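Here the UniProt record's numbering is used: the first residue of the sequence shown is 1, the next is one more, and so on.
Inspection log for the structure reproduced underneath, given as structure tokens.
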Amino acid sequence: MINVDATLPKEAFVIPHHYYDDVESVLIPHGLILNRIEKVAQDIANDAQGPLVACCVLKGASVFYADLMNALRKAQTPDRKSIPFSYEFMKVKSYENDKSTGNVQISLSEDELKSYKGKHLLIVEDIVDTGRTMVALLERLKQYEPASVKVVSMLVKRTPESNGYVPDYFGFSVPDYFVVGYGLDYNEYFREMEHICIISDVGKVKYAV
1 MINVDATLPK EAFVIPHHYY DDVESVLIPH GLILNRIEKV AQDIANDAQG PLVACCVLKG
61 ASVFYADLMN ALRKAQTPDR KSIPFSYEFM KVKSYENDKS TGNVQISLSE DELKSYKGKH
121 LLIVEDIVDT GRTMVALLER LKQYEPASVK VVSMLVKRTP ESNGYVPDYF GFSVPDYFVV
181 GYGLDYNEYF REMEHICIIS DVGKVKYAV
């Protein structure tokens, strides 16, 4: 586990010009993210019980998912074997502006859910905040009798609103800021930034709905 507390000045990094005033500082640089993903992928490979169905939670986890799958492709089990895995995608939404609403919307077809029976699922998420979204998703998935369900999240937020849920694997533990970039959005903005940044008050006002 890596706890991230210190922020870095945005002046030291390349930030898209149209977002420059909308972020306060850089929390996790892109290079550190990629290096950490390699270690997380190896941890997953070490624990794998068989072929994985890697389920990306859209849209926030899409960037993390792509890099994690590339790393998992290169990772090996303790007996030096590669891990077979297949791709799956689902939409889960619970945010409006900078708050988790608690109203979890999950887009999964009945056929997709039934196909998970007896399989080893790896749920790939961008951030675990309150934990309510993930708990709701796991409760639904377990109704369809997968062989196992594990969760990997890029970030876990240290927030007093947490229900105590902690994923099986995660990249970084971060303070209770609203973070954007590297797939993380604020009302669909900021996803394309490479670094994980803290949104500024200017950005919150500009892109509020």
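Think of the CB as a built atom: it goes at the ideal place given N, C-alpha and C, for glycine as much as any other residue.
Owing to the predicted nature of the structure, the values given are computational and were not obtained by experimental measurement.
- Taken through DSSP and simplified to helix, strand or coil, Asp126 comes out as strand.
- For Glu112, the enclosing alpha helix (DSSP H) has its first and last residue at 110-114.
- Between Leu184 and Val124, the CB-CB gap reaches or exceeds 9 Å.
- By the criterion of at least three beta-carbon pairs nearer than 8 Å, the region 14-27 is not in contact with the region 41-52.
- Linking Ala66 to Val202 through their CA atoms gives a straight-line distance of about 30 Å.
- Residue environment: Gly171 is assigned as buried (16 or more neighbouring CB atoms within 10 Å of its CB, all protein chains considered).
- Bounds of the beta strand (DSSP E) holding Met154 are 148-157.
- A check of alpha carbon separations from Thr130 across Arg80, Asn70, Lys150, Tyr177 identifies Tyr177 as the nearest.
- Rounded to whole angstroms, Ser153 and Val63 show a C-alpha spacing of 12 Å.
- Under DSSP, the beta-bridge partners assigned to Glu88 are Cys55.
- The count of Cβ pairs closer than 8 Å, one atom from the region 161-171 and one from the region 179-195, stays below three, leaving the stretches out of contact.
- Contact between Lys91 and Ser107 holds: CB atoms are separated by about 4 Å, below the 8 Å threshold.
- One alpha carbon belongs to Leu8, the other to Lys204, and they sit about 20 Å apart.
- Distance between Val40 and Ser82, taken at the CA atoms: about 15 Å.
- Around the CB of Lys10, 16 or more other CB atoms lie within 10 Å, so the residue is classed as buried.
- The C-beta distance from Lys150 to Leu113 rounds to 17 Å, too long to meet the 8 Å contact threshold.
- With 16 or more other Cβ atoms from the protein chains shown falling within 10 Å of its own Cβ, Thr133 counts as buried.
- Looking at Val128, Glu88, Gly31, Lys206, the one whose alpha-carbon comes closest to that of Glu194 is Gly31.
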